[in-house]
Amino acid sequence: MPHVSSPVLRRLVDEPLAVPDRARRHLADCGRCQAGRTEIAQNAATAAHLLAVPEEIGNVDLEWFLLAERLREPGPARRPAVCHPRRMPRRLAGASLGTSAAVVGTVLVVGAGAAAALTSVYAPTRVAPVPVSTNDLRAINNLTGLSVAQLSRGLPPSGSLTLAFGDVSWNTAGQPQQVSSIARARALTHLAYTAPARLPAGVGPPGSIAVQPQVTATVHFSSSAGAGIAGSTLEVSVGPAIVVQYGGRPGPAGLTTLGIAVMQRPAASSTGATARELETFLLSRPGVPSGLAQELRLLGNPAATLPVPVPAGLTSSQQKVRGAPAVLVTVPGGAAAGVIWESRDGLVHGVGGLLDSNDVLNVARQVG
Amino acid sequence: MDTGFMSRLGSSPPQASLPAFERFFREQYATVVRIAFGVVGDAQAAQDVAQDVFIAAFQRFGDPGESDHACAWVRVAAAHTALNAIRGERRRDRRQRLSGTEVPPMGPEETVLDRETRAEVRRALSRLPRRAATVLLLRHSGLSYAEVAEAMNVKAGHVGTMLRRAESALRKELQNAARV
Numbered sequence: 006m007p008h009v010s011s012p013v014l015r016r017l018v019d020e021p022l023a024v025p026d027r028a029r030r031h032l033a034d035c036g037r038c039q040a041g042r043t044e045i046a047q048n049a050a051t052a053a054h055l056l057a058v059p060e061e062i063g064n065v066d067l068e069w070f071l072l073a074e075r076l077r078e079p080g081p082a083r084r085p086a087v088c089h090p091r092r093m094p095r096r097l098a099g100a101s102l103g104t105s106a107a108v109v110g111t112v113l114v115v116g117a118g119a120a121a122a123l124t125s126v127y128a129p130t131r132v133a134p135v136p137v138s139t140n141d142l143r144a145i146n147n148l149t150g151l152s153v154a155q156l157s158r159g160l161p162p163s164g165s166l167t168l169a170f171g172d173v174s175w176n177t178a179g180q181p182q183q184v185s186s187i188a189r190a191r192a193l194t195h196l197a198y199t200a201p202a203r204l205p206a207g208v209g210p211p212g213s214i215a216v217q218p219q220v221t222a223t224v225h226f227s228s229s230a231g232a233g234i235a236g237s238t239l240e241v242s243v244g245p246a247i248v249v250q251y252g253g254r255p256g257p258a259g260l261t262t263l264g265i266a267v268m269q270r271p272a273a274s275s276t277g278a279t280a281r282e283l284e285t286f287l288l289s290r291p292g293v294p295s296g297l298a299q300e301l302r303l304l305g306n307p308a309a310t311l312p313v314p315v316p317a318g319l320t321s322s323q324q325k326v327r328g329a330p331a332v333l334v335t336v337p338g339g340a341a342a343g344v345i346w347e348s349r350d351g352l353v354h355g356v357g358g359l360l361d362s363n364d365v366l367n368v369a370r371q372v373g
Numbered sequence: 083m084d085t086g087f088m089s090r091l092g093s094s095p096p097q098a099s100l101p102a103f104e105r106f107f108r109e110q111y112a113t114v115v116r117i118a119f120g121v122v123g124d125a126q127a128a129q130d131v132a133q134d135v136f137i138a139a140f141q142r143f144g145d146p147g148e149s150d151h152a153c154a155w156v157r158v159a160a161a162h163t164a165l166n167a168i169r170g171e172r173r174r175d176r177r178q179r180l181s182g183t184e185v186p187p188m189g190p191e192e193t194v195l196d197r198e199t200r201a202e203v204r205r206a207l208s209r210l211p212r213r214a215a216t217v218l219l220l221r222h223s224g225l226s227y228a229e230v231a232e233a234m235n236v237k238a239g240h241v242g243t244m245l246r247r248a249e250s251a252l253r254k255e256l257q258n259a260a261r262v
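Top line first, the protein sequences correspond to chains A and H. Take the position in the first sequence, starting the count at 1, then add 5; the result is the number in the working numbering. Take the position in the second sequence, starting the count at 1, then add 82; the result is the number in the working numbering.
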């Protein structure tokens with residue numbers, strides 16, 4: 006039998022019964038493995054001693070009392086370093102739903118892009134909220150050289166940019182367009198869009214149906230990029246998507262009360278760089294806010310998670326839509342809400358509008 | 083249980099999800115505060131970290147009992163938040179050294195290790211890669227391999243590798259510090 010691997014030797018210290026008998030038999034006769042086990046056991050014992058923790062710390066009743074007091078305080082309670090206390094700028098707080106949606110949309114694209122770059126094959130299966138501030142947005146825009154206004158207006162169908170660590174080019178498979186029917190949108194995108202059978206009170210018929218073709222972006226990392234990254238290529242695809250906007254009833258025809266979007270989940274593939282190398286490189290770029298990078302790392306498996314940026318001042322909570330994890334974002338006061346989730350067929354859905362969260366979730370559960 | 087604390091909470095909390103959150107808090111509190119203690123080495127500071135982590139969890143998870151990763155999230159967040167806290171402590175220590183300010187006396191809970199050793203461990207942890215420090219804290223706070231694997235989103239078989247490397251790195255950091 007080959008020598009016992011070091012992870013197995015480490016597990017022998019904690020969970021000896023989990024180690025196969027043949028490994029123990031080999032160990033009994035192998036001086037090299039015995040020496041390895043001794044060193045590993047000494048390191049483990051040292052760490053256990055240095056990191057020893059008392060059995061009980063604090064009084065859980067008292068701690069719950071103190072916590073509940075803080076949770077009952079009006080306004081946002083102080084957040085820890087992992088969640089970054091940020092106040093919503095006044096101009097954002099008073100912004101219309103359209104503006105907020107544009108900001109959310111912008112950061113979603115940026116966030117998805119960042120996450121997509123974290124793995125050689127990015128195929129998210131769930132969504133998770135990530136708090137972002139306007140400073141985060143500004144920092145990311147500085148990295149790309151694009152302004153929030155440019156991103157909000159939308160990028161041209163194709164183009165390229167020079168970045169500090171290489172260049173990025175993108176191409177759109179066709180033109181974004183308005184179509185006359187949902188059937189036409191389905192035919193153009195091959196997406197399974199289901200219109201809700203029951204609409205909340207005050208929501209009128211569809212006012213516009215838009216189709217966004219798939220966008221493919223390719224990043225070529227220059228030779229000045231970090232070890233393992235230099236010379237590699239990362240390809241990210243987003244879309245296609247269908248966006249349906251509903252008008253008011255009664256009310257001005259131009260007012261959007263409800264929006265429903267469905268898109269193919271983003272995906273990424275890389276040549277020459279591992280997921281871990283890409284994650285480390287991208288999140289350590291100068292200008293990437295350390296708090297945001299930490300939040301993205303905290304999401305867990307980056308290859309399987311689509312981060313949903315939540316601007317400061319908005320509230321997010323985790324929900325379920327037809328069994329799939331969903332992120333519900335609400336405006337203070339409950340005047341507007343939106344929910345994003347990924348269904349089991351690999352489609353990312355979004356429903357939002359000038360509705361309360363119950364109405365938004367009711368619609369979501371009809372279309373997901 | 084001290085029901086006095088509970089009765090003072092009132093029967094109608096302003097957050098609809100407060101009762102559900104209390105269940106989650108009571109299930110997870112001991113684990114979270116132990117993970118934080120492994121870094122900060124001080125009961126009061128560990129309790130402060132735990133409070134912050136649960137505030138963030140309350141804002142993040144409407145009903146953590148319904149979330150499939152709330153437990154993992156608070157455990158990793160406890161390690162990260164505590165590691166962030168000692169980064170600030172390193173700056174404060176340096177400021178105190180440079181200004182000649184007296185370091186406050188040791189608290190009664192700092193009995194497991196002497197103060198200097200505890201400070202060295204904190205410095206070493208803060209210099210380790212974040213994932214290495216996290217796996218050490220989770221495992222040595224009492225989590226099983228399976229729980230560490232779930233919290234860090236890795237296979238259980240990989241925990242041994244991560245632990246071995248992290249423990250070796252911790253020893254080297256402490257040896258390097260001793261040589262300086």
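Note that beta-carbon positions come from the ideal geometry of N, C-alpha and C, so glycine has one too. Since the structure is predicted, the reported quantities are computational estimates derived from the model, not experimental observations.
Taking a contact as a CB-CB distance under 8 Å, the pair A:P271 and A:V315 does not count as one, their CB atoms being some 18 Å apart.
For A:R75, the chain H residues whose Cβ falls inside 8 Å of its Cβ are Q133 and I137, in order along the chain. Think of a sphere of 9 Å around the beta carbon of H:V203: the chain A residues whose beta carbon falls inside it are L55 and L56, in chain order. Considering only A:P181, A:S321 and A:A133, the residue with the shortest C-alpha distance to A:I214 is A:P181.
Against chain A, the CB of H:A128 has a partner CB under 8 Å away; the residue lies at that interface.
In the DSSP assignment, the residues bridged to A:N176 are A:S163 and A:T221. As the crow flies, the alpha-carbon of A:P25 is around 15 Å from that of A:R42.
In terms of beta-carbon proximity, A:A52 lines the interface with chain H, with at least one pair separated by less than 8 Å. For the pair of segments examined, the region 355-367 of chain A was found not to touch the region 100-115 of chain H: the number of CB pairs separated by less than 8 Å stays below three. Taking A:V332 as the centre and dropping the five residues before and after it, the same chain places the C-beta of V132, P134, V313, S321 and I345 closer than 6 Å to its C-beta, in chain order.
DSSP places A:A246 in the strand class (E or B) of the three-state scheme. Taking C-alpha positions only, A:P162 is separated from A:A246 by approximately 15 Å. Where H:A138 is concerned, the enclosing alpha helix (DSSP H) starts and stops at A125 to R142. Chain order gives the chain H residues near A:Q299 as H162, N166 and R212, where near means a beta carbon separation below 9 Å. The Cβ-Cβ distance between A:E347 and A:V356 does not fall below 8 Å.
Straight-line spacing of the CA atoms in H:F143 and A:E44 works out to 42 Å. Looking at the backbone, the Cα of H:R213 and that of A:G63 are separated by about 27 Å. The three-state reading of DSSP puts A:L333 in strand, counting E and B together. By the rule that beta-carbons nearer than 8 Å mark a contact, H:V217 does not touch chain A. In the displayed model, A:P316 falls within a strand according to three-state DSSP. Neighbours of A:P134 in chain H, taken as residues at a C-beta separation under 8 Å, are given in chain order as R142.
Listed by position along chain A, the residues whose Cβ is nearer than 8 Å to that of H:R105 form an empty set, because the closest Cβ is around 10 Å away.
Per DSSP, A:I345 lies in no alpha helix (DSSP H) segment; the continuous beta strand (DSSP E) that holds it begins and ends at A342 to E347.
Selection H:V121, H:A228 and H:A251 evaluated against H:A159 yields H:V121 as nearest (Cα-Cα).
Between A:A52 and the set H:A132, H:V156, H:H222 and H:H162, the nearest pair of CA atoms involves H:H222. When the beta-carbon positions are compared, H:V131 and H:A118 come within less than 8 Å of each other.
Assigned with DSSP and collapsed to three states, A:S213 falls in strand. Per DSSP, A:G357 is one residue of the beta strand (DSSP E) stretching across L352 to G358. Contact annotation: H:R205 and H:A259 have beta-carbon atoms nearer than 8 Å.
Inter-residue distance for H:R247 and H:E198 is about 25 Å (C-alpha atoms, whole angstroms). Those residues of the region 36-50 of chain A placed with their C-beta closer than 7 Å to a C-beta in chain H are I45, N48 and A49, ordered along the chain.
Each residue's CA atom was taken as its position, placing A:R290 and H:H151 some 28 Å apart. Secondary structure of A:F226 (DSSP, three-state): strand.
Across the structure, H:L210 and A:K325 are spaced so that their CA atoms are roughly 37 Å apart. Look at the region 12-56 of chain A and you find these whole runs of alpha helix (DSSP H), each 4 residues long or longer: 26-34 and 36-55. Going by DSSP, A:L193 is part of the alpha helix (DSSP H) stretching over I187 to T194.
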